[in-house]
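Step one of this worksheet: look at the structure below.
In our numbering, the protein residues as written are 91 to 276.
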């Protein structure tokens, strides 16, 4: 039963792997990004971001594991109930392991690295300074303060509408595949 949990976690983690590093940034652009990072206080949002990521990962892993159990034709109702209980017992331990791994990583440094690469790639130095100027305004500060919450709410809202459609499509696809597998080949 642990296999689906670890497989789901591995797939989730692999989806977050970074790409190749970009070329070194010019000094003025790097300085502008450093100032933006300082003004935006991005690192203060890390705990909230980690909590949201952990909650989303836990929900995704639980859903994958429970779907795997329900689709397993080899399990009877009693075995499925026991497997579901094992998921609920093991999942908090798995998530604690994930949080420990995240705590061991130097997330502030990783976040800086990602910010330099991403902003350096997509924005010119003057644009980064414009963003920084906005972040200095009361509205900019409010947007920074609320952005993790807004992003989380947006994701939950979208996923709440998308997941039923995805589940239905997966059911239809599984039925179609099962029909093909049940059909004798000619």
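We treat Cβ as the ideally placed atom computed from N, Cα and C, and that holds for glycine.
query	result
Could you check whether residue 188 and residue 147 sit closer than 8 Å to each other, using their CB atoms as the reference points?	yes
Secondary structure at residue 227, three-state DSSP: helix, strand or coil?	coil
What number of angstroms, rounded off, separates the C-alpha of residue 191 from the C-alpha of residue 155?	21 Å
Looking at the structure shown, is residue 254 part of a helix, part of a strand, or coil, going by DSSP?	helix
Inspect the CB distances between the region 166-175 and the region 213-220 and report whether three or more fall short of 8 Å.	no
Mark residue 184 as exposed unless 16 or more other C-beta atoms lie within 10 angstroms of its C-beta, in which case mark it buried.	buried
Restricting to Cα atoms, I'd like to know which of 141, 132 and 180 is closest to residue 151.	180
Does DSSP put residue 162 in a helix, in a strand, or in coil?	coil
On the CB-based measure, 16 or more other CB atoms within 10 Å of its CB, does residue 128 come out buried or exposed?	exposed
Looking only at its chain, what residues have a beta carbon closer than 8 Å to the beta carbon of residue 254, apart from the 5 residues adjacent to it on each side?	none
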